[in-house]
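Asks:
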Amino acid sequence: MQDSTDRARPIRIVAADDEPLIRMNLRETLNSLGYDVVGEAGDGNQAVKLARELRPDIVIMDIKMPEMDGIEAAHILTSEQVAPVLLLTAYSDRELIERAKGAGVMNYLVKPFREESLAPAIEVTLTTWDSMQQLDQQVDTLQGQLDATQNELGSLREQLEARKMIERAKGLLMQRKGISEQEAFRLVQKRSMDSRKSMREVAKEIIDAYLLTDDLEKQ
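What follows is the structure in C-alpha cells.
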C-alpha cells in the first residue's frame with residue numbers, strides 16, 4: 003500500500019457497491035478527483051477477493067451488500083492488513099457505526115455525500131491507517147526489545163544464583179577444610195573441569211554433600 007506521505011502516483015482504490023449505477027457514479031467521481039479505481043465489486047466477497055489480489059491503497063464500499071456486508075468485509079481486510087476501509091452508508095445508525103469501529107473501519111461517509119467531502123474522507127482514512135501501521139511497528143519493536151531485556155535479565159538472574167551458590171560452596175570448603183578462599187575457588191573450578199559440569203552444578207553437589215553430612219551427624 004502506498005504511504006500517504008508519498009503521492010508519486012494516484013491513490014489506487016477498489017470500489018464496492020451492490021448497485022451498478024451508484025458504483026458507476028462513485029468511479030466517475032473518484033476519477034475526476036484524480037484517484038485510480040483499479041477494481042469494482044458488487045458484493046462483500048468480491049470486494050475482499052479483489053482487494054487481496056490488487057492490494058489497493060484503500061477500499062471504499064457500501065455497508066449493505068449481498069453475500070457479505072461491508073462491515074464483515076472490512077473486518078477481514080483490516081485484520082489481514084490488506085488495506086484501510088472507508089464505508090459508505092445510508093444509515094447513521096449508532097449500532098452500525100459501533101460495529102464498524104469494532105471491525106477496524108477507519109472512517110465512513112453517510113450517503114448521499116457531497117463530492118467535496120469524499121477526498122478529505124479518503125485522506126483522513128489513509129493518514130489514520132498509516133499512523134496505526136507505524137504504531138504497530140513501534141509496538142513490535144518495543145516488544146522485541148522487551149523480550150531481549152527479559153532474556154538478558156533471566157540470564158543475569160541465573161548468573162547471580164550461580165555466583166551465590168559458588169560463594170556458599172567456597173565458604174563451606176574454607177570452613178570444613180581450613181583452606182583459603184582462593185584455594186576453595188580453585189577446588190570448585192578443578193572439580194568442574196574434571197567432571198565437565200558447570201561450577202554451579204559442582205557447587206550444589208558440595209553444598210548438598212555437606213548438608214547431608216550435617217544431617218547424619220545430628221542423628
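Using our numbering, you'd call the opening residue of the sequence shown number 3 and step up by one each time.
Virtual Cβ for every residue (Gly too), placed ideally from N, Cα, C.
1. Could you check whether the Cβ of GLU185 sits closer than 7 Å to any heavy atom belonging to the ligand FMN?
2. State the DSSP-derived secondary structure class of GLY44, mapped to helix, strand or coil.
3. Who are the near neighbours of ALA121 in its chain, counting only those whose CB is closer than 6 Å to its CB and skipping five residues on each side?
4. Check whether the stretch 136-149 and the stretch 163-183 touch, using three or more Cβ-Cβ pairs below 8 Å as the test.
5. Answer yes or no: do ILE13 and ASP38 have a C-beta to C-beta separation smaller than 8 Å?
6. Just the Cα atoms here: how many angstroms apart are ARG193 and VAL204?
7. Which whole-angstrom value is the C-beta distance of GLY1 and ASP20, which I expect to be below 8 Å?
8. What does DSSP give as the partner residues of THR127 in its beta bridges?
9. How long is the line joining the alpha carbons of PHE187 and ARG165, rounded to whole angstroms?
10. Hey, how far is the Cα of PRO86 from the Cα of VAL107?
11. Out of curiosity, what's the CA-to-CA distance linking VAL112 and GLU118?
12. Please classify GLY72 as buried or exposed, where buried requires at least 16 other C-beta atoms within 10 Å of its C-beta.
13. Beta carbon of GLU82, beta carbon of GLY46: below 8 Å?
14. Please return the same chain residues whose Cβ sits closer than 6 Å to the Cβ of ASP217, not counting the five positions on each side in sequence.
15. Helix, strand or coil: how does DSSP classify ALA92 here?
16. Counting along the chain, where does the beta strand (DSSP E) carrying MET63 start and finish?
17. Which of the three DSSP states, helix, strand or coil, is assigned to ARG25?
18. Which residue comes first and which comes last in the beta strand (DSSP E) that contains ILE15?
Replies: So, from the data block:
1. Judged by which ligands are present, the structure shown has none, so any question about the ligand FMN falls away.
2. GLY44 falls in the coil class under three-state DSSP.
3. Once the five neighbours on either side are set aside, the close Cβ partners of ALA121 are LEU35.
4. Result no; under three Cβ-Cβ pairs closer than 8 Å.
5. A contact, by the Cβ cut-off of 8 Å.
6. Approximately 7 Å, taken between the alpha carbons.
7. Since the displayed the chain opens at 3 and closes at 221, residue 1 lies outside it and no answer follows.
8. Checking the DSSP bridge columns, you'll see THR127 has no partner listed.
9. The straight-line gap from Cα to Cα measures roughly 11 Å.
10. Near 7 Å, if we compare the C-alpha coordinates of VAL107 and PRO86.
11. Taking the straight line joining both Cα atoms gives about 13 Å.
12. Buried, by the Cβ-count rule.
13. It is not a contact, given that the beta carbons lie outside the stated cut-off.
14. Annotation note: pLDDT 46 at ASP217 (below 50); position unreliable, no value reported.
15. Three-state result, ALA92: coil.
16. Counting along the chain, the beta strand (DSSP E) containing MET63 begins and ends at 60-64.
17. In the three-state reduction of the DSSP assignment, ARG25 falls in the helix class.
18. Segment 14-18, the beta strand (DSSP E) holding ILE15.
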